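Residue numbers (my numbering), protein chains in the order written: chain A, 10 to 123; chain B, -19 to 94.
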């Protein structure tokens, strides 16, 4: 069984540019989560999809961040325009529909905004 | 406010020595508790979890954790570490009621010396 995959593994962009991160969850996992770790700090929740619907987006920092999950499969997280403080590692996780089921994490995308 | 504390940012132990990583949480009620490990270039891997029942939980790779309600702690232990255990370890919690997002501690980086 393939794990959660994320693309790209690393992205370096300049302030003001746009970046799109992609996450492919494990097949059959209806729950998809995005988390972010800013350098030296804790991993923080961004949002949660159930299939294609946003269940909880309370962690999204501002309206420069847009997450989508068309068709309930893969998800994208777009940052537009990127700011310096957006630098960090963005993790995606997925889980089955069962409540409190374990979340499987991808390797993360390291975003560097210069 | 609800929080997770990992007081040790970095720990160094000798190969073969015992290990204990500390985790304390602050929640109104006992949440679900998790330990994850991230090796370089890898995603977060679940080591073990506690939902209820026996307060000593066995996990993968020879790790165990003990839940102590009186101390609001969920410390991770291993009797004898191996060089391959060098990684970053994260304690996480999920409330019993409410949404399913994980709240993480800041992580503990473990270095193993020969």
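Every residue gets a Cβ at the ideal spot worked out from N, C-alpha and C, and that includes glycine. None of these values were measured; they are calculated from a predicted model.
Per-residue DSSP class, three states only, for residue 64/B: Three-state DSSP puts residue 64/B in a helix.
Presumed contact (8 Å Cβ cut-off) between residue 61/A and residue 78/A, rounded CB distance: At roughly 5 Å, the Cβ-Cβ gap stays under 8 Å, so residue 61/A and residue 78/A are in contact.
Three-state secondary structure (DSSP) of residue 94/A: It is helical.
Contact set between the segment -7 to 25 of chain B and chain D, restricted to residues whose Cβ is under 9 Å from the partner: The structure shown contains no chain D; its protein chains are A and B.
Proximity below 9 Å, CB of residue 27/B to CB of residue -1/B: It is not a contact, given that the beta carbons lie outside the stated cut-off.
As assigned by DSSP and simplified to three states, the class of residue 49/B: In the three-state scheme derived from DSSP, where H, G and I count as helix and E and B as strand, residue 49/B is classed as helix.
Limits of the unbroken beta strand (DSSP E) element including residue 46/A: Run containing residue 46/A: 40 to 46, per the beta strand (DSSP E) assignment.
Residue-level contact to chain A via CB, residue 90/B, 9 Å cutoff: No, its Cβ sits nowhere closer than 9 Å to a Cβ of chain A.
Bridge partner(s) assigned by DSSP for residue 123/A: Paired residues: none, contrary to the question.
Members of the segment 80 to 97 of chain A near chain B, C-beta cut-off 8 Å: Those residues of the segment 80 to 97 of chain A that come within reach of chain B (Cβ to Cβ, closer than 8 Å) do not exist; the list is empty.
Per-residue burial, residue -10/B [other beta carbons within 10 Å of its own, 16 or more giving buried]: Counting every other CB atom within 10 Å of its CB across the protein chains shown gives residue -10/B a total below 16, marking it as exposed.
Contacts of residue 35/B in chain A (Cβ-Cβ under 8 Å): Within 8 Å Cβ-Cβ: nothing; residue 35/B doesn't reach chain A, min ~18 Å.
Beta-carbon gap between residue -15/B and residue 3/B smaller than 9 Å: For residue -15/B and residue 3/B, yes; Cβs fall inside 9 Å.
Cα-Cα separation, residue 35/B to residue 123/A: Rounded to the nearest angstrom, the two C-alpha atoms are 47 Å apart.
CB of residue 31/B within 9 Å of CB of residue 71/B, strictly: Against a cut-off of 9 Å, the Cβ pair of residue 71/B and residue 31/B comes out as no contact.
Close Cβ partners of residue 58/B (< 6 Å) along its chain, the five nearest in sequence each way excluded: Once the five neighbours on either side are set aside, the close Cβ partners of residue 58/B are -1, 42, 43.
When 11/A, 42/A, 30/A, 66/A are compared against residue 20/A, the one with the closest alpha-carbon: With distances taken between Cα atoms, residue 20/A lies closest to 30/A.
8 Å Cβ shell around residue 8/B - same chain, five flanking residues per side excluded: Apart from sequence neighbours up to five positions away, the residues of its chain that approach residue 8/B with a beta-carbon distance below 8 Å are -18, ordered along the chain.
Neighbour-count burial assignment, residue 45/B, 16 or more Cβ in a 10 Å radius: It is buried - the Cβ of residue 45/B has at least 16 other Cβ atoms within 10 Å.
Chain-ordered neighbours of residue 84/B on chain A, where CB pairs are closer than 9 Å: What residue 84/B touches in chain A: 44, 46, 51, 52, 53, 54.
Among 96/A, 58/A, 101/A, the one whose alpha carbon lies nearest that of residue 25/A: Taking only the C-alpha atoms, the option nearest residue 25/A is 96/A.
Test: residue 11/A CB closer than 9 Å to a CB of chain B: By this cut-off, residue 11/A is not an interface position.
Short CB-CB distance (under 9 Å) between residue -16/B and chain A: Closer than 9 Å to some Cβ of chain A, the Cβ of residue -16/B qualifies, so yes.
Chain-ordered chain B contacts of residue 34/A [CB-CB under 8 Å]: The premise fails here: residue 34/A is roughly 12 Å from chain B at the closest Cβ pair, so nothing lies under 8 Å.
Residue 80/A beta carbon less than 9 Å from that of residue 13/A: No; because the gap between Cβ atoms is not below 9 Å, this pair is not in contact.
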